[in-house]
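Numbering (the UniProt record's numbering), first residue to last: 1 to 112. In this text, a Cβ means the ideal position worked out from N, Cα and C, and glycines have one as well.
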Amino acid sequence: MICKLGINCLENVKDADEACSAKLFSKGRLTNLTLCWSNTDSMIIDLDENVLDNLQPPKCLRNLSIKRYMGARSAIWMNNVNLLSNVEKIELTECLQCKTLPPSGQLPFLKS
1 MICKLGINCL ENVKDADEAC SAKLFSKGRL TNLTLCWSNT DSMIIDLDEN
51 VLDNLQPPKC LRNLSIKRYM GARSAIWMNN VNLLSNVEKI ELTECLQCKT
101 LPPSGQLPFL KS
């Protein structure tokens, strides 16, 4: 069964604790996740990075899409190859400031 979740307007999240309260890591059937900021005008890059860090998906995730994220680095959990071991697709759209990417060459199911 495919379970999809899209979270929009992430620029409205007030702090990392609010993002953490979503407890995405405990959503045991979540296979498709879209995380979306509404624009690329974010002025609080540290907050964007902390929000993304705290939206860690479960290990069963297969498709990840991140749109208009303005942080300079990928989320801490995106560098955990074990956590992303089932991911088949990662899509980053308009992530204009991001300078580091997840280790895609180490993800066994990632498709081109």
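Cβ neighbours of L24 within its own chain (closer than 8 angstroms, five residues either side excluded): L5, L30, L33, L55, Q56, P57 and P58.
In this structure, C98 lies away from L107, with their beta-carbon atoms at least 8 angstroms apart. Counting other Cβ atoms within 10 Å of its Cβ, I44 stays below 16 and is therefore classed as exposed. Secondary structure at S104: helix, using DSSP grouped into helix, strand and coil. Here E94 is not near R73, since their CB atoms are 8 angstroms or more apart.
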